[in-house]
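Asks: Protein chains in written order, with UniProt numbering: chain Z, 1 to 152; chain S, 1 to 150. Cβ coordinates follow ideal geometry from the N, Cα and C atoms, glycine included. Just so it is clear, the structure is predicted and the values come from calculations on it, not from any experiment.
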Amino acid sequence: MASLPKRIIKETERLVSDPVPGITATPHEDNLRYFQVTIEGPAGSPYENGIFDLELYLPDEYPMEAPKVRFLTKIYHPNIDRLGRICLDILKTNWSPALQIRTVLLSIQALLASPNPNDPLANDVAEDWIKNEQGAKNKAREWTELYAHKKN
Amino acid sequence: MESTDRRNMRTQFQALFDTLRDPQSNSYLLELFASMIVSPELQEEWLNGGDSNKVKGCSQEFIDSLPRVPRSEIPLKESCPICYEKFGDDEYPLVAELPHCHHYFDVQCISLWLSKHATCPLCRDVVNQKTFDNIDLSKAELEEDWGMYS
Ligand SMILES: [Zn+2]
Ligand SMILES: [Zn+2]
């Protein structure tokens, strides 16, 4: 394997030594560009008390290109589709090499706290969210119960 | 194949992809099928509204014309925001300053970014709305070669 850029080593070291509250990111032993990630559902959101698994991969072009991130845990959210793909501008057109793994994961945590049904990826969920917000939130809470790890 | 044919086919595929992803069809299998026939890169582009095609970088001429920071003014203890290397760790640091915002980057790092984008990585200012006419380009190229081998 090609040697790991210094930037990735530094980011990894900081993620371990100074972790973000509610977020873990652990590099895979065999491939240091692949991270197993967990994000705690933000307090007050339908995802509260759930811990969600994600995977994050740093492509060869990183940091010129954004990390690839997706949810492994099933989640009911207007900006996350059934394949776990996330609709977040900084992962697409608004990526900048001044952002980093840490800021990406914080943005995903923020997206859980404030879903944006007007910029949907999962169209049916977004529709549900706009038509019947309370019902959609209840469903999101049910899915959190069903599929996420329990926080204790 | 003619490139216009290729474009047409691409448009048709994109339409098919959009149809299969239509919430009215509401079928997981169809969605999965749509994502299987289209490469992940294209999917991202299309999910994105297909506008990543329109994102244009800066011209090589513009990139070459970026002001180089004289060695005496380079903050040697600061790091390049792209590669995280300290400017001072390089024996012959080659640092560029962006026109409006005065942010500093390694010439090599910012050149790579600006070849595909037109914004400052730090403040997202559009950088290429003004060029620098008073820079001797032949000299800039020479310096770049020197930088690569230093
Ligand atoms: Zn750099
Ligand atoms: Zn700037």
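1. Is the Cβ of Z:A66 closer than 7 Å to any Cβ of chain S?
2. Of all the options Z:C87, Z:R82 and Z:P5, which has the alpha carbon lying nearest to the alpha carbon of Z:A110?
3. Is it buried or exposed, Z:Q100, if we count other Cβ atoms within 10 angstroms and call 16 or more buried?
4. Is the beta carbon of S:H117 within less than 6 Å of some heavy atom of ligand 2?
5. Using CA coordinates, which residue listed in Z:R102, Z:L146 and Z:P97 is at the minimum distance from S:C123?
6. Between S:L98 and ligand 2, is there a pair consisting of the residue's CB and a ligand heavy atom that are separated by less than 6 Å?
7. Is Z:K131 close to chain S, meaning its C-beta is less than 7 Å from at least one C-beta of that chain?
8. Using beta-carbon positions only, say whether S:L114 and S:I63 come within less than 7 Å of one another.
9. Indicate whether at least one CB of chain S lies closer than 7 Å to the CB of Z:R102.
10. Any heavy atom of ligand 2 closer than 6 Å to the Cβ of Z:L58?
11. Can you list every residue whose CB sits closer than 5 Å to some heavy atom of ligand 1, going in chain order?
12. Under the criterion of a Cβ to heavy atom distance below 6 Å, does residue 176 of chain S qualify as lining ligand 2?
13. Can you find the residues in the same chain that come closer than 6 Å, C-beta to C-beta, to S:G50, ignoring five residues on each side of it along the sequence?
14. Straight-line CA distance for Z:L72 to Z:E145?
15. Determine the chain S residues that contact Z:R7 at a beta-carbon separation under 7 Å, and present them in chain order.
16. Could you tell me which residues DSSP puts in a beta bridge with Z:Q36?
17. What do you get for Z:S45, buried or exposed, if any count of 16 or more other CB atoms within 10 angstroms of its CB means buried?
18. Along chain Z, in chain order, which residues have C-beta atoms closer than 9 Å to that of S:P121?
19. Tell me whether S:C101 is buried or exposed, calling it buried when 16 or more other Cβ atoms sit within 10 Å of its Cβ.
20. Compute the Euclidean distance between the alpha carbons of S:T119 and S:L76, then round it to the nearest angstrom.
21. Would the beta-carbon of Z:Y147 fall within 7 Å of that of Z:K74?
22. Any heavy atom of ligand 2 closer than 6 Å to the beta-carbon of S:D125?
23. Name the two residues that bound the continuous alpha helix (DSSP H) containing S:V107.
24. Would you check whether ligand 2 has a heavy atom nearer than 6 Å to the C-beta of S:C101?
25. Please confirm whether Z:D76 and Z:K139 have their CB atoms less than 7 Å apart.
26. To the nearest angstrom, how far is the alpha carbon of S:N128 from that of S:S59?
Replies: On the basis of the data shown:
1. no
2. Z:C87
3. buried
4. no
5. Among Z:R102, Z:L146 and Z:P97, the Cα nearest to that of S:C123 belongs to Z:P97.
6. yes
7. no
8. Yes, the pair counts as a contact, with Cβ atoms nearer than the cut-off.
9. no
10. Because no heavy atom of ligand 2 lies under 6 Å away, the Cβ of Z:L58 does not count as near it: no.
11. S:C80, S:I82, S:C83, S:D106 and S:C109
12. The structure shown does not extend to residue 176 of chain S, since chain S spans only 1 to 150, so no value can be given for it.
13. Residue confidence for S:G50 is low, a pLDDT of 47 falling below 50, so the modelled location carries little weight; the figure read from the coordinates is stated next. Same-chain partners within the cutoff: there are none.
14. 15 Å
15. Within 7 Å of the CB of Z:R7, the CB atoms of chain S belong to C83 and Y84, in sequence order along the chain.
16. Z:T26 and Z:E55
17. buried
18. P63, S96, P97, A98 and L99
19. exposed
20. When rounded, the distance between both Cα atoms is 24 Å.
21. yes
22. yes
23. V107 to L114
24. At least one heavy atom of ligand 2 falls within 6 Å of the beta-carbon of S:C101.
25. The amino acid at residue 76 of chain Z is misidentified as Asp; the sequence shows Tyr. It is a contact, given that the beta carbons lie within the stated cut-off.
26. 9 Å
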